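Residue numbers for the sequence shown follow our numbering, so the first one is 44 and each next one is one higher. Even for Gly, the Cβ is constructed at its ideal location relative to N, Cα and C. If you're wondering where the values come from, they're calculated on a predicted model, not measured in any experiment. Please read the structure below before turning to the comments.
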Amino acid sequence: MTTKPIVVGTDGSAQAVRAVEWAAREAVLRGAPLRIVSAAEMPPRMSAPPPGSGVETVATRLTADRDAALTAGAAAAAAAAPGVAIETLAVDGPPAQAIIGRGADALMVVVGSDGGGAFAAMALGSVSRYAAVHAACPVVVIRAEPSGTDRVVVVGIRSPEDCGPAIEFAFEEAHLRQASLLAVHAWQFIRDSGGAEQAAAALEAALSDCRVKYQDVSATSEVVHGHPGRVLADLSARADLVVLGRHGGSARLVPGPARVVHAVVSHAHGPVATVPSA
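This is how it looks when you write it as C-alpha cells:
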C-alpha cells in the first residue's frame, strides 16, 4: 500500500460526485488513501463571519455548500469503494489552486469535467483545464464513465522519444484493470510510406521496456492518419482511459500538445489522464 494519496476535488455536483467515485475505485486498485478536497472562494473583500455568530451571509452559504459537498463526497466514496481510507479537506481560496496545492504529494489528481458552485465550469478554462496543464502529478479528468466494453487503455504518443512517463502510467493502469493497451501515434499531414514505417518502428521501440515489465498486458500500437485530438476522442468511446503526455509540471505546454490535450479533454467520451513528462 502506498502512503501517497489520490486527490479529488468536489463541489457536490453530479459530475463531481462521479469523479469522487472514480477516484475512490482507483484508490482501491492502487492501495492508496483518498483525499477529497473542496474549496470555498470568497468574493473580493468578503470573509466569513466569526463562528457561532448566527449571521447568514454569502460567505456562510459558500462555506456551508463546501462542507456539504465534502460530506456527500465522503459518503459517495465509501459506497463506491468500501474500506477505502478517506480524508476530507475543507479549504478557502480559488478552487484551481486549492486542488493543485493539496495534490502536491499525490499519486494523481482527479477532477470532474464540469460542475456548479465553487468548482463551476471545471473543464474549459477552469479547474480541470488548469489542473490538466499545471499539476506536477498525473491528472485524470472525468467526463463520463466509459461506455465501451473492450477493456482497453489508450495512450496517445506525439513523440516516441519523449513519452516514457505516459507509457509507464498507461501500462500500470492496464495492469491494474486487467485490460489491454493500445498505443496510438496520429499524424495529420501527408507522410510518405517510409516516414510512416519509421514512426511505427519508433513507437514499438518506445513500448519495449514496459512490455518486459508488464508481461501480463497485451499491448499493440498503431500509426494512423488523422487529427490527434479527434482520433483520441473517438477512441475514448471504447476505452477505460485515454492517457496523454504533457511537458513539465507547472511549465507551459508548447502550442501543439496543448491543443491536443484541450481537444481530447473537451470532447472525450470517458476519463482522460494527462501525465507530465518530468
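For the alpha helix (DSSP H) containing D105, name the first residue and the last one. One point to set straight first is that residue 105 is Leu, not Asp, in the sequence displayed. That run of the alpha helix (DSSP H) goes V101 to A123.
Buried or exposed by the 16-neighbour rule on C-beta atoms within 10 Å, applied to A107: exposed
Measure the alpha-carbon distance for T53 versus Y173 and round it to whole angstroms. 15 Å
Burial state of Q231 (16 or more Cβ within 10 Å): exposed
With a Cβ-Cβ cutoff of 7 Å, do V182 and V152 count as a contact? Their beta carbons are under 7 Å apart, which means V182 touches V152 by this criterion.
Does the beta-carbon distance from A249 to C206 come in below 7 Å? yes
List the whole-angstrom C-beta distance separating V60 from A111, where the pair is believed to meet the contact cut-off of C-beta under 8 Å. Beta-carbon to beta-carbon, V60 and A111 are separated by about 12 Å, too far to satisfy the 8 Å threshold.
For P138 and G144, the rounded distance between their alpha carbons: 10 Å
By the DSSP assignment, the alpha helix (DSSP H) with G272 in it spans what residues? Counting along the chain, the unbroken alpha helix (DSSP H) around G272 starts and ends at P271 to L278.
Given R104 as reference, the closest of A121, A83 and A178 once Cα atoms are compared: A83
From G160 to W65, what does the alpha carbon distance come to, in whole angstroms? The predicted position of G160 is uncertain, since its pLDDT is 47 and thus under 50; a value taken from the coordinates is nonetheless stated next. Cα to Cα, G160 sits roughly 21 Å from W65.
Return the residue from the list D259, E204, P203 and G238 that minimises the CA-CA distance to F214. D259
Quick one: using the 10 Å Cβ neighbour count with 16 as the cut-off for buried, is P319 buried or exposed? Per the 10 Å Cβ criterion, buried.
Do you know offhand how far H268's Cα is from G126's? 45 Å
By Cβ distance, which residues of its chain are closer than 6 Å to Q241, with the 5 residues on each side in sequence left out? none
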